[in-house]
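Enquirer: Before anything else, here's the structure in question.
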Amino acid sequence: MKQPATARQMGLIRCHTCGKLAFDVGHDGYEEHCPRCRAHMHMRATNSLSRTWALLITAAILYVPANVLPIMTVTYFGSGQADTIMTGVITLLQHGSYPVAAVIFIASILVPVLKMVALLILLLSVQLKWALDDRQRTCMYRAVELVGRWSMLDIFVIALLVALVSFGSIAQIISGPGATAFGSVVILTMLAATTFDARLIWDKEVTDD
Amino acid sequence: MYFMSSEDDTLSLKSIPDNWIACKDCDLLLERVDTPLGEKALCPRCDNPLYQPREQTVERTLALTLTGLLLFIPANLLPVMSLSLVGQETSTTIYQGSLVLFNEGLYWTALLVLFASIVIPFCKLLLVLFVSAHLHLERSSALLPYAFRYYHYLDEWGMLEVYMLGVLVAVVKLKGMASIIPGIGLYCFVALLLVTTLMSSLLDEDDFWKRIEQALKRQLR
Ligand SMILES: [Zn+2]
Ligand SMILES: [Zn+2]
Chain A
11 MKQPATARQM GLIRCHTCGK LAFDVGHDGY EEHCPRCRAH MHMRATNSLS
61 RTWALLITAA ILYVPANVLP IMTVTYFGSG QADTIMTGVI TLLQHGSYPV
111 AAVIFIASIL VPVLKMVALL ILLLSVQLKW ALDDRQRTCM YRAVELVGRW
161 SMLDIFVIAL LVALVSFGSI AQIISGPGAT AFGSVVILTM LAATTFDARL
211 IWDKEVTDD
Chain B
1045 MYFMSSEDDT LSLKSIPDNW IACKDCDLLL ERVDTPLGEK ALCPRCDNPL
1095 YQPREQTVER TLALTLTGLL LFIPANLLPV MSLSLVGQET STTIYQGSLV
1145 LFNEGLYWTA LLVLFASIVI PFCKLLLVLF VSAHLHLERS SALLPYAFRY
1195 YHYLDEWGML EVYMLGVLVA VVKLKGMASI IPGIGLYCFV ALLLVTTLMS
1245 SLLDEDDFWK RIEQALKRQL R
């Protein structure tokens, strides 16, 4: 049976932006620019693993203030309450809004954690050459890419609430520093997913470019 | 779908056949086979969607982009919803949320909201308008590859659908506190979301790139 070949084995580079194939004629394994879209061409994303590590570690550090600091403070008829992401979910549960509590819990807590764990597994498995199923790992990577954006949900909710609920002493919602940290976590994990080159999962001979 | 074999003689390869493609996620080299319109071709090794040919992609994309741009102004300038409590009423538009965050000192978060919900979706529409109008009129421009590249880069950073879910969550959170009145801006926003979602799904990136390549070749002649 014939062995399926990759573009790399055939001396070809696939442009990461437009998908065009080009001959790998350049030095250090990359041609300067894509003949079609003019983007920089690389055999594999430059320093993919190191960059993904850096973004992931920063995201993990910021995840602490994102969950400890209040994302907003709700003042209602004189009594103020600072909400973190978790207490926000608990408040919704107490009010009986189970579907919304579930949505917020998935988008703000479950997805960021699972995303960071998945990226960690991907990085470690590529670097330490763990014998995991390549197809499943690629599938996991695509899931990370796909769901990441939905974690921005809480940030948009805060933006709407602070603008709407401004009734002076009667009712007021003010944003908190936790929102900044949380927004950064979402952006950093999205960037980490972008910098990770899924083809590294399938390359058995190399670890980093 | 046909596999290339590593045993094939690569040294004799003088030019890359037009129907060769490589998988984005696993680098597998494949020969492109025409699939029926609208049908997704998947990578046999990693299940990554490779391409999905769309019918009249340029014309449909152009029409939807123009509709989207028309809806963009009312969706952003008219109030999304109003809230009334003990005789007082407040309302918000999409950009006001970002403005309030800015005034409260959360500059970074304010920018994030502004970009994800307004600036990037708007830039995406403008870039696609530029590209699809050129392709439709069979005009060429040296800027075409750049414009479409930036559309590709910005694609995942526009988050209208997440914003929409945010509106629904905000409504549920507020419903016990005060009465909520949906604004005209909200209806325009829902329409904008539908139009842009449809545009993204009908836009055949692969076909666009091929047409851009042809347009540039025509220009050189
Ligand atoms: Zn390219
Ligand atoms: Zn593949």
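Residue numbers (this note's numbering), protein chains in the order written: chain A, 11 to 219; chain B, 1045 to 1265.
Every residue, glycine too, gets a C-beta built ideally from N, C-alpha and C.
Considering just the uninterrupted stretch of the beta strand (DSSP E) at A/Ala32, what are its terminal residues?
Expert: Leu31 to Phe33
Enquirer: Looking at B/Leu1218: is its Cβ nearer than 7 Å to the Cβ of B/Ile1224?
Expert: yes
Enquirer: On the three-pair Cβ rule with 8 Å, is the region 201-213 of chain A touching the region 1159-1179 of chain B?
Expert: Put simply, the region 201-213 of chain A does not touch the region 1159-1179 of chain B. Fewer than three CB pairs are less than 8 Å apart.
Enquirer: What residues in its chain sit with their C-beta under 8 Å from that of A/Pro75, if we drop five residues either side in the sequence?
Expert: Pro187, Gly188 and Ala191
Enquirer: Where A/Thr217 and A/Val136 are concerned, what is the direct C-alpha to C-alpha distance, given to the nearest angstrom?
Expert: Note that A/Thr217 has pLDDT 40, beneath the 50 cutoff, so the model's placement of it is unreliable and no number is given.
Enquirer: What's the gap between the Cα of A/Ala112 and the Cα of B/Trp1253?
Expert: 41 Å
Enquirer: Does B/Lys1168 pass the burial test, meaning 16 or more other C-beta atoms within 10 Å, or should it be called exposed?
Expert: Counting other Cβ atoms within 10 Å of its Cβ, B/Lys1168 reaches 16 or more and is therefore classed as buried.
Enquirer: Which stretch, first to last residue, makes up the alpha helix (DSSP H) that contains A/Pro109?
Expert: It spans Tyr108 to Ile114 - the alpha helix (DSSP H) in which A/Pro109 sits, taken as one unbroken run.
Enquirer: Consider the C-beta atom of A/Arg46 and the heavy atoms of ligand 1; say whether any pair is separated by less than 6 Å.
Expert: yes
Enquirer: Just checking, does the region 1094-1110 of chain B make contact with the region 1171-1180 of chain B on the three C-beta pairs under 8 Å criterion?
Expert: yes
Enquirer: Any chance you could list the residues with Cβ under 6 Å from a heavy atom of ligand 2, keeping chain order?
Expert: Output, sorted by chain position: B/Cys1067, B/Asp1069, B/Cys1070, B/Leu1072, B/Cys1087, B/Arg1089, B/Cys1090 and B/Asn1092.
Enquirer: Any contact of the region 18-29 of chain A with the region 94-109 of chain A, i.e. 3+ C-beta pairs under 8 Å?
Expert: no
Enquirer: Compare the C-alpha of A/Met200 against each of B/Cys1067, B/Ser1142, B/Met1203 and B/Leu1115 and name the closest.
Expert: B/Met1203
Enquirer: Compare the C-beta of A/Trp160 against all C-beta atoms of chain B and say whether one is closer than 7 Å.
Expert: yes
Enquirer: Given a cut-off of 7 Å on the beta-carbon distance, is the pair A/Ala181 and A/Val175 in contact?
Expert: yes
Enquirer: Curious, which full-length beta strand (DSSP E) runs of at least 3 residues does the region 1050-1093 of chain B contain?
Expert: Runs of the beta strand (DSSP E) lying entirely within the region 1050-1093 of chain B and spanning at least 3 residues, in chain order: 1064-1066 and 1073-1075.
Enquirer: From the DSSP output, in three-state form, read off B/Glu1133 for me.
Expert: For B/Glu1133, the secondary structure class from DSSP, reduced to helix, strand or coil, is strand.
Enquirer: In the region 86-106 of chain A, which residues sit with their C-beta less than 8 Å from some C-beta in chain C, listed in chain order?
Expert: Among the protein chains of the structure shown, namely A and B, there is no chain C.
Enquirer: Can you name the start and end residues of the alpha helix (DSSP H) that B/Arg1255 belongs to?
Expert: B/Arg1255 -> alpha helix (DSSP H) spans Glu1249 to Leu1264.
Enquirer: Can you grab the Cα-Cα spacing for the pair A/Ala128 / B/Ser1176, in whole Å?
Expert: 37 Å
Enquirer: Would you tell me roughly how many angstroms separate the C-alpha atoms of B/Arg1255 and A/Thr94, rounded to the nearest one?
Expert: 50 Å
Enquirer: So, helix, strand or coil for A/Thr85, using DSSP?
Expert: Reduced to three states, the DSSP call for A/Thr85 is strand.
Enquirer: According to DSSP, what are the bridge partners of B/Leu1127?
Expert: B/Thr1134 and B/Ile1224
Enquirer: Which first and last residues belong to the alpha helix (DSSP H) in which A/Gln137 is found?
Expert: According to the DSSP assignment, A/Gln137 belongs to the alpha helix (DSSP H) that extends over Val121 to Gln137.
Enquirer: Compare the C-beta of B/Met1243 with all C-beta atoms of chain A and state if any pair is closer than 7 Å.
Expert: For B/Met1243, the answer is no, since every Cβ of chain A falls outside 7 Å of its Cβ.
Enquirer: With distance defined between alpha-carbon atoms, name the residue in A/Tyr151, A/Asp144, A/Phe87 and A/Ile168 nearest to A/Ser118.
Expert: A/Ile168
Enquirer: Please tell me whether A/Arg145 has its Cβ less than 7 Å away from any Cβ of chain B.
Expert: yes
Enquirer: Could you check where the alpha helix (DSSP H) with B/Ala1214 kicks off and where it finishes?
Expert: Leu1204 to Leu1218
Enquirer: Cβ of A/Ala49 within 6 Å of any heavy atom in ligand 1?
Expert: yes
Enquirer: Any chance the CB of A/Lys30 is under 6 Å from a heavy atom of ligand 1?
Expert: yes
Enquirer: Taking 7 Å as the cut-off, decide whether the C-beta atoms of B/Val1124 and B/Leu1212 are in contact.
Expert: no
Enquirer: Buried or exposed for B/Tyr1151, please, with buried defined as at least 16 other CB atoms from any protein chain shown within 10 angstroms of its CB.
Expert: Flag for B/Tyr1151 reads exposed.
Enquirer: Is A/Trp140 close to chain B? Criterion is C-beta to C-beta, closer than 7 Å.
Expert: no
Enquirer: Chain B partners of A/Thr83, CB-CB under 9 Å?
Expert: Those do not exist, as A/Thr83 stays about 10 Å from chain B at its closest Cβ, beyond 9 Å.
Enquirer: Which residue or residues does DSSP assign as beta-bridge partners of A/Thr16?
Expert: B/Leu1072
Enquirer: Do A/Thr56 and ligand 1 come close, with the Cβ less than 6 Å from some heavy atom?
Expert: no
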